[in-house]
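Quick note: the sequence shown, position 213, residue 212 per numbering that gives the first Met the number 0, numbers continuous. Cβ atoms here follow ideal geometry from the backbone N, Cα and C, with glycine treated the same way. If you're wondering where the values come from, they're calculated on a predicted model, not measured in any experiment.
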Amino acid sequence: MKTFVFVNQVTGPLFIDILNDFASKENCKVILLTGEVEKASASLDPTIEVQYLIKYNRMKAVYRIYTWLMFTIQTFWKLLFLDKNSELFLVSNPPFVPILSLFFKKFFHQTFHLLIYDIYPDALVNFGYIKKDSFIYKIWAKINKKLFNEAKTVFTISENMSQTILYYAPEAKPVVVHNWVDTSFIKPMDKSENWFVDKHDLKDKFVVMYSGNLGQTHDLESLIEAANLLRDHKEIQFLIIGEGVKKASLMKMIEAYDLKNVLMLPFQAPEVIPFSMTAADIGVVTLGVGAEALSVPSKTYYMLSAGNCILAIALRNSELGNLIEKYDCGAICNPGDVAVISDFILQMKENRSEFDKKCINARNASNDFTMKNAMKFYESVNSK
0 MKTFVFVNQV TGPLFIDILN DFASKENCKV ILLTGEVEKA SASLDPTIEV
50 QYLIKYNRMK AVYRIYTWLM FTIQTFWKLL FLDKNSELFL VSNPPFVPIL
100 SLFFKKFFHQ TFHLLIYDIY PDALVNFGYI KKDSFIYKIW AKINKKLFNE
150 AKTVFTISEN MSQTILYYAP EAKPVVVHNW VDTSFIKPMD KSENWFVDKH
200 DLKDKFVVMY SGNLGQTHDL ESLIEAANLL RDHKEIQFLI IGEGVKKASL
250 MKMIEAYDLK NVLMLPFQAP EVIPFSMTAA DIGVVTLGVG AEALSVPSKT
300 YYMLSAGNCI LAIALRNSEL GNLIEKYDCG AICNPGDVAV ISDFILQMKE
350 NRSEFDKKCI NARNASNDFT MKNAMKFYES VNSK
C-alpha cells in the first residue's frame, strides 16, 4: 500500500476534495498533518488519519509568525517518526513547511510533491516587508531553486505563479491546477426562494457583497467609500461578511459616515454559503497591489458558481483581471478608484440587460472550474 503524508496548516474545502480523491483510490493510505479542518459541504473520508498540530492564528502578525514556526517544528518532529517509504505532499501553508522536504529527501530519500498557494519570499517583497537585495530574500531564493528542482511535482494555482516558479527553477515543470467549486452545491437561486434574503431584508435591494477575510491587504476601504457616494440610492445595499484585522477600522468608517446602506455580518456556516452567495447581485473580490502574480482569491470561483456579476478591486494585469476579461463576467477597478467602482455598481443596477449577461457569463465560466480539477493532483502525482 502506498502512503501519502499531506501537510497543510489549514485544511479548507478544496484541500478536503484533494484528500478525499486520494483516499478513494485502492491501496492508497492518506495521513494528514494539520492545525484545523474547516467545516465544508464535504467532510473528510473517514479512512484518512488526521494528526492535529497547532492552529493558525491570523489575528496579529506576531501570532501568525509564531503559529507558522510552531507548526513547522511540530511537522518536522512528526515526519521523523512516520514511515520513510511514504511520499510527502507539502503545501505552502505555512511558507516554511516546504523547506523541510529537502531534509527528508537528502537523509531519507523521500519523494516529495509541493502545492504552492503563495510564493515566498516574493509575497514579502511585494507587500513591502523585505527588499530583493536583503539577506532573507537571497537565502530563500536559493532554497526555492533547489526546492522546485528536486520536487517530483510542483503544483500551483495560476499561470502567473507558474512563471514565477520557472524564474527560480527554469528546469522545473510546474503543473497548473486552477481552484474550483462544487457547482451543484452553489448555484443561482431566485431571491424569492432564498431565506437568507428574507432574514436580512435584502429582497428589494441590489446587493453588493464582499464575503471573506477582512485582511490587511484587502482594499475594503474603497468599498465603504463607494457606499458613502451611493448612500442616496436607497435600493443599493452593501453587505460585508467576514472577520479579520480590518473589521474594527471598517466599522469605525461605517459609523463615522453614518452609513445605513452597509450591513456587516460574521463568517457564515458552510451550509449557509449557497444562500449568502446567491443573495448578492454583485460579488466583490479584492487583490492587494503586489499580489497580481501571487494569488487568485478562491472566493472568485464561488461567485462564478453563484452567477454573481464580479467586481474585482485589483490591477488589470492580474490573473484575476485576466479571468474577468476572458469570460466578460464583471469589471476590474484599480484599488482606491472609488468613482469608477461606484459608477460600475450604478451602471449594473440601471442596465439590466448588461448585468444579466455578465451573470450568465459568470455561471457559464464556472463550468471550467469544477471538482474535476481536484482529481488532477492524483493523476499528476502518479503519471511520472
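Every unbroken alpha helix (DSSP H) inside the stretch 194-225 [4 residues or more]
194-198
Compare the Cα-Cα distances from residue 49 to each of 58, 15, 71 and 79 and report the closest residue.
As a first step, residue 49 must be located in the sequence shown, where it is residue number 50. Nearest of 58, 15, 71 and 79 to residue 49, Cα basis: 15.
Rounded to whole angstroms, what is the Cα-Cα separation between residue 70 and residue 101?
Reading the sequence shown from its first residue, position 71 is the one you call residue 70. Reading the sequence shown from its first residue, position 102 is the one you call residue 101. So the alpha carbons of these two residues sit roughly 17 Å apart.
In or out: residue 279 buried (at least 16 other Cβ within 10 Å) or exposed?
On the sequence shown, residue 279 is found 280 positions in, with the first residue counted as 1. That one is buried.
Just to confirm before moving on: does the CB-CB distance between residue 62 and residue 9 stay below 8 Å?
Residue numbering aside, residue 62 sits at position 63 when the sequence shown is read from its first letter. Residue numbering aside, residue 9 sits at position 10 when the sequence shown is read from its first letter. Cβ atoms of residue 62 and residue 9: not closer than 8 Å.
DSSP three-state label for residue 299, please.
For this step, residue 299 is matched to residue 300 along the sequence shown. In this structure, residue 299 counts as helix in the three-state DSSP scheme.
Give me the Cβ distance between residue 79 and residue 52, rounded to the nearest whole Å; I'm assuming they're in contact under 8 Å.
In the sequence shown, the residue the question calls residue 79 occupies position 80. In the sequence shown, the residue the question calls residue 52 occupies position 53. That pair is no contact at about 14 Å.
What distance in whole Å lies between the Cβ atoms of residue 111 and residue 104, which are believed to be in contact at a cut-off of 8 Å?
Taking the first residue of the sequence shown as 1, we reach residue 104 at position 105. Taking the first residue of the sequence shown as 1, we reach residue 111 at position 112. Going by Cβ atoms, the distance from residue 104 to residue 111 rounds to 6 Å, so yes, they are a contact pair.
According to DSSP, simplified to helix, strand and coil, what is residue 2?
The sequence position of residue 2 within the sequence shown is 3, counting from 1. The answer is strand: DSSP assigns residue 2 an E or B state.
Pick from 332, 309 and 157: whose alpha carbon is nearest that of residue 218?
Start at 1 with the first residue of the sequence shown, and residue 218 comes out as number 219. Residue 332 is the option with its Cα nearest to residue 218.
Leaving out five residues before and five after residue 38 in sequence, what residues of the same chain have Cβ atoms less than 6 Å from its Cβ?
Position 39 of the sequence shown holds residue 38. The residues are 269.
Spatial distance of residue 253 from residue 229 (CA atoms)
In the sequence shown, the residue the question calls residue 253 occupies position 254. In the sequence shown, the residue the question calls residue 229 occupies position 230. Approximately 13 Å between the Cα atoms of the pair.
May I ask you to report which of helix, strand or coil DSSP gives residue 235?
As a position in the sequence shown, residue 235 is number 236, starting the count at 1. Reduced to three states, the DSSP call for residue 235 is strand.
Whole-number beta carbon distance between residue 140 and residue 167, since they are thought to touch under 8 Å:
Against the sequence shown, residue 167 aligns to sequence position 168. Against the sequence shown, residue 140 aligns to sequence position 141. Rounded, the Cβ-Cβ distance is 7 Å, consistent with contact.
Unbroken alpha helix (DSSP H) run spanning residue 122, endpoints
Start at 1 with the first residue of the sequence shown, and residue 122 comes out as number 123. From DSSP, the alpha helix (DSSP H) with residue 122 extends over 121-125.
Between the CA atoms of residue 341 and residue 67 - distance to the nearest angstrom
Taking the sequence shown and counting its residues from 1, one reaches residue 67 at position 68. Taking the sequence shown and counting its residues from 1, one reaches residue 341 at position 342. So the two alpha carbons sit approximately 39 Å from each other.
Please classify residue 358: does DSSP put it in a helix, a strand, or coil?
Looking up residue 358 in the sequence shown gives position 359. Looking at residue 358 - three-state DSSP - the assignment turns out to be helix.
Please report the distance separating the alpha-carbon of residue 216 from that of residue 298.
Your numbering for residue 216 matches position 217 in the sequence shown. Your numbering for residue 298 matches position 299 in the sequence shown. Between residue 216 and residue 298, the C-alpha separation is close to 15 Å.
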